[in-house]
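Step one of this worksheet: look at the structure below.
Numbering (this note's numbering), first residue to last: 62 to 268.
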């Protein structure tokens with residue numbers, strides 16, 4: 062997920078990946094892991110593995126029971142020896158033995174399928190767990206999502222400074238981790254900046 066296909070704050074225009082899949086900067090995942098209660102042994106589902114960067118950070122964070130799902134089999138090779146890896150279409154899966162009651166569902170979903178991923182993840186997370194999705198901040202501004210957000214409101218952690226999902230410079234769009242409780246909505250949720258440990262832009266872009 063990235064605002065590619067438009068000019069970034071710095072750098073050239075990039076063409077959108079055909080699978081709507083973009084690497085998640087390590088610092089962005091690390092920042093999330095600092096604010097969620099991810100304890101040793103927690104069961105975590107990553108349902109849109111992509112290049113496996115989120116899985117790498119989860120496993121580096123501590124001893125976790127991670128399950129990774131990816132539609133593209135070639136993308137699973139990176140994580141297959143590190144955790145449970147399933148070649149499947151997450152949106153076509155049904156919760157069943159071994160695929161229920163996760164403590165966390167954490168992913169950077171295909172943006173065009175973000176709402177579907179969020180809704181589907183609810184069947185896989187424990188009521189005391191949480192769903193964390195990395196999305197554009199303008200996910201909040203869609204009229205068609207208004208009813209969904211009224212019923213299922215998240216905590217929002219805005220990524221600061223902006224990150225690049227294609228390498229070089231920073232994207233022209235704001236991103237945030239949207240975190241929903243597994244047991245249902247809560248309102249109002251929190252909304253605050255989430256500082257990442259990434260190095261500042263060589264252009265000094267702090268907008």
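Just so you know, even glycine gets a beta-carbon here, dropped at the ideal spot from N, CA and C.
Computed from a predicted model, the values in this text were never measured in an experiment.
Would you give the residue range spanned by the alpha helix (DSSP H) that residue i belongs to?
i           : result
residue 116 : 114-122
residue 95  : Where residue 95 is concerned, there is no enclosing alpha helix (DSSP H), given that its DSSP letter is neither H nor E.
residue 213 : That residue, residue 213, is in no alpha helix (DSSP H); it is neither H nor E in DSSP.
residue 176 : 175-182
Since residue i is in the beta strand (DSSP E), which residue starts that stretch and which ends it?
i           : result
residue 219 : 216-221
residue 128 : 126-131
residue 240 : 236-242
residue 256 : 252-256
Consult DSSP for residue i and reduce its assignment to one of helix, strand or coil.
i           : result
residue 159 : coil
residue 190 : strand
residue 261 : Interpretation of residue 261 is limited by its pLDDT of 39, a score under 50 that renders its predicted location unreliable; no figure is taken from the coordinates.
residue 111 : coil
residue 88  : helix
residue 185 : coil
residue 207 : helix
residue 154 : coil
residue 75  : Bear in mind that a pLDDT of 34 at residue 75, under 50, signals an unreliable position, so the number given afterwards is only what the model happens to contain. Residue 75 falls in the coil class under three-state DSSP.
Would you list the one or two residues that DSSP bridges to residue i?
i           : result
residue 136 : Residue 136 pairs with nothing; no bridge assigned.
residue 146 : 129
residue 165 : 105 and 191
residue 196 : 237
Would the beta-carbon of residue i fall within 8 Å of that of residue j?
i           : j           : result
residue 118 : residue 87  : yes
residue 251 : residue 216 : yes
residue 146 : residue 132 : no
residue 123 : residue 101 : yes
residue 197 : residue 221 : no
residue 110 : residue 97  : no
residue 161 : residue 194 : no
residue 165 : residue 149 : no
Please report whether the beta-carbon of residue i lies at a distance below 8 Å from any beta-carbon of chain B.
i           : result
residue 241 : No chain B appears in this structure, which consists of one protein chain only.
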